[in-house]
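When we follow the numbering used here, the leftmost residue of the sequence shown carries the number 7, and every step to the right adds one.
Glycine included, every Cβ here is placed at the ideal spot set by N, Cα and C.
The structure appears right after this line, and notes come after that.
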Amino acid sequence: MSMVTAPAKADDVAPSSRVSSAVLVREGPSTDTAILAQLRPGDRARLVGEVSGWYIVALPDGTRGYVSKAWTIVLHEEGAAPLIGSAHKVHVIDVGTGLAVFVEGLGYTVLCDAGSQDDYS
């Protein structure tokens with residue numbers, strides 16, 4: 007199962023400092039898919055979502071494609087929260103009285119214990 011998440015603000019994706027020539031923009035989230043374009047150092051593409059290991063980007067001409075997270079960085083819009091584009095994990099846990107959701111991310115942790123019934127007494 008893959009989950010697509012979308013950014014809350016308009017962030018950009020750019021090649022990381024490790025890239026010397028270009029990052030390939032692909033048709034799908036796999037190296038087995040067609041190459042649509044290249045992002046060279048200094049280029050940017052609009053971040054529109056992400057799936058495991060890949061960012062979904064929109065190029066200036068409107069083309070949408072996928073770039074590897076391993077070779078790119080997210081450039082946050084001024085005032086944007088650091089959550090967008092950063093690694094985060096969502097855990098759903100059966101606590102016996104219902105489900106609890108535990109979210110871990112860069113600089114934050116959120117726990118929602120939906121299974122607890124003690125707040126109704």
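Below 8 Å on the Cβ atoms is my contact criterion, and I expect residue i with residue j to pass it. Report the Cβ-Cβ distance as a whole number of Å.
i, j, result
"V31", "L65", "7 Å"
"G51", "V63", "Before going on, a small fix: residue 51 reads as Ala here, not Gly. Indeed, because the Cβ distance is near 4 Å, the residues count as touching under 8 Å."
Excluding five sequence neighbours on each side, which residues of the same chain lie with their C-beta closer than 7 Å to the C-beta of residue i?
i, result
"A43", "V31, L65, T69 and G71"
"V25", "P47 and W77"
"R39", "Correcting the residue identity first, residue 39 is Thr in this sequence and not Arg. These residues qualify, in order along the chain: R32 and E33."
"S22", "W77, T78 and I79"
"C118", "A106 and V107"
"V116", "V109"
Sort the options by Cα distance to residue i and report the nearest one.
i, options, result
"E33", "G48, G59 and V73", "V73"
"P35", "T103, L45, A28 and E56", "E56"
Short of 6 Å in beta carbon distance, which residues of its chain neighbour residue i, apart from the five on each side in sequence? Order them along the chain.
i, result
"K95", "E110"
"G59", "K75"
"T37", "none"
"S8", "With a pLDDT of 45 at S8, under the threshold of 50, the predicted position of this residue should be treated as unreliable, and no value is reported."
Would you give the residue range spanned by the beta strand (DSSP E) that residue i belongs to?
i, result
"D18", "D18 to P21"
"T78", "T78 to L81"
"G71", "R70 to S74"
"A43", "I41 to L45"
"R173", "The requested residue 173 does not occur in the structure, where the chain is confined to residues 7 to 127."
"L30", "V29 to R32"
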